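Engineer: A single structure is presented below for examination.
Residue numbers (my numbering): 1470 to 1560.
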């Protein structure tokens, strides 16, 4: 995840929304790991990976095993993520 910050945050102004966006995203990733989900793949896309100084969000796709879906749903229900993640699920 250090590469994410290196390529898409550090080269921008510290007041950029990028700092808050990446911190929220990394908080979500820590929550996933704390729940014991160690094997997953993340694809990041959208304006966050562009040169746009203040993207509105970070689009990502989280690929998990079928048996991990319940754990992810529980993480997404946590209050700390209520206003920080748009929760779209494809099964």
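A virtual CB, placed ideally from N, CA and C, is assigned to each residue, including glycine. All values derive from a computational prediction rather than experimental measurement.
Measuring alpha carbon to alpha carbon, tell me which of 1541, 1474, 1551, 1471 ends up nearest residue 1509.
Structural biologist: As a working mapping, residue 1509 is identified with position 40 in the chain shown. The option with the nearest alpha carbon to residue 1509 is 1541.
Engineer: Would you kindly work out how many angstroms separate the C-alpha atoms of residue 1516 and residue 1486, rounded to a whole number?
Structural biologist: Here residue 1516 refers to the residue found at position 47 of the chain shown. Here residue 1486 refers to the residue found at position 17 of the chain shown. The alpha-carbon atoms of residue 1516 and residue 1486 are separated by roughly 12 Å.
Engineer: Which whole runs of the beta strand (DSSP E) in the stretch 1519 to 1545 are 3 residues long or more, in chain order?
Structural biologist: The qualifying runs are 1528 to 1532.
Engineer: Using CA atoms only, rank isn't needed, just tell me which of 1484, 1548, 1529, 1477 is closest to residue 1513.
Structural biologist: Position 44 of the chain shown, counted from the first residue, corresponds to residue 1513. Looking at the Cα atoms, 1529 is the closest of the given residues.
Engineer: Start and end of the beta strand (DSSP E) containing residue 1552?
Structural biologist: Position 83 of the chain shown, counted from the start, is the residue given in the question as residue 1552. Residue 1552 -> no beta strand (DSSP E), and no H or E assigned at all.
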